[in-house]
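Participant: Quick one: the structure is below, and I'll ask about it shortly.
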Amino acid sequence: MTADRPGLLVHNASEVATLAGGLRRAAAQADIGLLMAESGGLADAPAVAAYQGRIVAVGRLPDVEARLTGLGVADGAIERIDARRGTVTPGLIDPHTHLLFGGTRHAEVELRQRGHTYLEILAAGGGILQTVRMTRDASDEALLDHGRRWLAEMLSHGVTTAEVKSGYGLDMDSELRLLALYGRLAQEGPVELVPTFLGAHAIAPEYRDRPDAARQYIDSVISEQLPAVAEQGIARSCDVFCERGVFSADDSRRLLNRAAELGLATRLHADEIAPSGGAELAAEVGALSADHLGAISDQGIAALAAAAERGRPVVATLLPMTSFYLEEPGYAPARRMIEAGIPVALGTDFNPGTSPAPNTQLAMSFAIHRLRLSAAEALAALTINAAAALGMAGSHGSLEPGKHADLVVWQPDSHALLPYWLGANLVQTVVKRGRVVFQLPSI
Ligand code: IZC
Ligand code: ZN
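In structure tokens:
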């Protein structure tokens, strides 16, 4: 779509994975709504049409073209994309990133090699707190340039929507600043940003030496930062790092309940390193998503399974590149979760300490090799289930009439090849709201 061409037609695909039909869980996690070319002929190759930024038809080329004609779209008003027998999927959605931060934390890798753990480094004032210092010191322009650089990387790998967390400010002005900068990046586009308030990412440096520091800091987040964030309408949800040695389930509960009262959706960093009651709390407060879950307990799995069974699913957003980067002994038990009927999403967890990894395609490969998902399950996890983790499954995450025309044309002729090539970029074309926003330069 361009100003003078409001129509879009993607034709000549080998496969179109529609992901139509809403959230996936249990056996349906692997159902990607696949349409396939039946013969070598163009008419048999599946196609997708959009008009004014919304999908209007998906199916065989003659039917899809007829739909555009039926809407009165003239031939000259249609931008045509030849998929060259590649695969078409919804735009990927990264449901967990910490996009904006100052500096890097490469020195921690060698600290960990020498036996210092992630939580020990944080307790000593490094880790997240190191990034907080560097983020507070960074100028708006430096943070915006950083954001643009990595959003361009994400877009080129097929991401059309990304969740973006604050959490490296940890005081009123710095947290509001990060969320305001996300607002500016969202306006610039083309990647759609879904901002999350993570003021409870660690105990702020100003509170660390107080008695009962975690409780006191959470109290200040509840009484100061959270109301300002809600009042300004600059975040869709509230997150908390619920982890042994960071914030307890009780402190997290107080924050999330207040956030919900103020109209924010809730999500948690849950059971990342040790079982901390995070998954159980996510089910209790009706969170959209419980993230990480590398150390989820049996009770946690039962709580998420029961929530899904009750029709109040909490999406389990798994971040396997973080487990890899921290060299954790265990990965989230994704197969048990799927068997228990818990919907699974995938994300990068892009951040400077535990996942300096912006590549969603690589996350898909990790999901195959470390979480034992199939390619189809991983694709559902990065599209419709990631949309559900952000509360956006009604408008994003699948190719269905009425939904936003966010899609990727991939070079391989099957979705099964997307996680197969390890670390390669397989994108041919990315479309956001019906407009071509990235094209592989050589094509
Ligand atoms: O900066 O260490 N787990 N937050 C919770 C992180 C990882 C990011 C970081
Ligand atoms: Zn995170």
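If you read the sequence shown in our numbering, its first letter stands for residue 144, the second for the next number, and so on.
Where is the CB? At the ideal position from N, CA and C, for every residue including glycine.
Drop a sphere of 10 angstroms on the beta-carbon of Pro370, count the other beta-carbons inside from all chains shown, and report buried for 16 or more, exposed for fewer.
Facilitator: Under this definition Pro370 is an exposed residue.
Participant: Any heavy atom of ligand 1 closer than 7 Å to the beta-carbon of Phe340?
Facilitator: It does not: the Cβ of Phe340 is nowhere closer than 7 Å to a heavy atom of ligand 1.
Participant: Flag His539 as yes when its Cβ comes closer than 7 Å to any non-hydrogen atom of ligand 1, and as no otherwise.
Facilitator: No.
Participant: Could you tell me whether the Cβ atoms of Ile439 and Ala475 are closer together than 8 Å?
Facilitator: Yes; because the gap between Cβ atoms is below 8 Å, this pair is in contact.
Participant: So for Val579, helix, strand or coil by DSSP?
Facilitator: Three-state result, Val579: strand.
Participant: Below 8 Å, how does it come out for the stretch 234-253 and the stretch 515-528: are there three or more Cβ pairs, yes or no?
Facilitator: The answer is yes - the stretch 515-528 touches the stretch 234-253, with three or more Cβ pairs under 8 Å.
Participant: Sorted by chain position, which residues of the same chain lie with C-beta nearer than 6 Å to Gly312's C-beta, five sequence neighbours on each side aside?
Facilitator: The answer, listed in chain order, is Glu318 and Leu321.
Participant: Just list the residues that DSSP pairs Met179 with in beta bridges.
Facilitator: Looking at the DSSP assignment, Met179 forms a beta bridge with Glu158.
Participant: Candidates Val579, Met535 and Ala506: which alpha carbon is nearest Trp564's?
Facilitator: If we check each option's Cα against that of Trp564, Ala506 comes out closest.
Participant: In three-state DSSP terms, what is Trp564?
Facilitator: In this structure, Trp564 counts as coil in the three-state DSSP scheme.
Participant: Examine chain D for any beta-carbon lying closer than 8 Å to the beta-carbon of Ile439, and answer yes or no.
Facilitator: No chain D appears in this structure, which consists of one protein chain only.
Participant: According to DSSP, is Leu399 part of a helix, a strand, or is it coil?
Facilitator: Leu399: helix per DSSP, three-state reduction.
Participant: Is any non-hydrogen atom of ligand 2 found closer than 7 Å to the C-beta of Asp492, if you look at the structure I gave you?
Facilitator: Yes, the Cβ of Asp492 comes within 7 Å of a heavy atom of ligand 2.
Participant: Would you list the one or two residues that DSSP bridges to Ile198?
Facilitator: Its beta-bridge partners are Ala193.
Participant: How far does the alpha helix (DSSP H) with Phe493 in it reach, from first residue to last?
Facilitator: Looking at the DSSP string, Phe493 is not in any alpha helix (DSSP H), and its letter there is neither H nor E.
Participant: Is the beta carbon of Ala519 less than 8 Å from the beta carbon of Ile175?
Facilitator: Cβ atoms of Ala519 and Ile175: closer than 8 Å.
Participant: Rounded to whole angstroms, what is the Cα-Cα separation between Gln273 and Ala169?
Facilitator: Cα to Cα, Gln273 sits roughly 40 Å from Ala169.
Participant: Quick one: what does DSSP say Glu222 is sitting in, helix, strand or coil?
Facilitator: It is a strand residue.
Participant: Comparing the CB of Thr278 with every heavy atom of ligand 1, is any distance shorter than 7 Å?
Facilitator: Because no heavy atom of ligand 1 lies under 7 Å away, the Cβ of Thr278 does not count as near it: no.
Participant: For a test of the three-state rule: what should DSSP assign to Leu319, helix, strand or coil?
Facilitator: Helix at Leu319.
Participant: Could you give the distance in angstroms between the alpha-carbon of Val153 and the alpha-carbon of Gly183?
Facilitator: In a straight line, the C-alpha of Val153 is about 17 Å away from that of Gly183.
Participant: Can you tell me the Cβ-Cβ gap for Ala433 and Gly421, rounded? I've got them flagged as a contact below 8 Å.
Facilitator: That pair is a contact at about 6 Å.
Participant: Along the chain, where does the alpha helix (DSSP H) containing Ala519 start, and where does it finish?
Facilitator: Segment Ala518 to Leu525, the alpha helix (DSSP H) holding Ala519.
Participant: I need the DSSP call for Glu415, collapsed to helix, strand or coil.
Facilitator: Correct three-state label for Glu415: coil.
Participant: Select from Leu265, Gly269 and Ser282 the residue whose C-alpha is nearest the C-alpha of Gly245.
Facilitator: Of the listed residues, the one whose Cα sits closest to Gly245 is Ser282.
Participant: Going by Cα to Cα distance, which pick from Arg358, Pro495, Gly429 and Glu374 is closest to Gly534?
Facilitator: Nearest option by C-alpha distance: Gly429.
Participant: Quick check: does the Cβ of Glu158 come within less than 7 Å of any heavy atom belonging to ligand 1?
Facilitator: No.
Participant: Helix, strand or coil for Gln442, going by three-state DSSP, please let me know.
Facilitator: Reduced to three states, the DSSP call for Gln442 is helix.
Participant: Hey, could you find the ends of the alpha helix (DSSP H) Phe509 is sitting in?
Facilitator: Segment Thr503 to His512, the alpha helix (DSSP H) holding Phe509.
Participant: DSSP state of Phe244, grouped into three classes?
Facilitator: Here Phe244 sits in coil by DSSP.
Participant: Quick check: the Cα distance between Thr457 and Asp206, rounded to an integer number of angstroms?
Facilitator: One point to set straight first is that residue 457 is Val, not Thr, in the sequence displayed. Looking at the two C-alpha atoms, the distance is approximately 37 Å.
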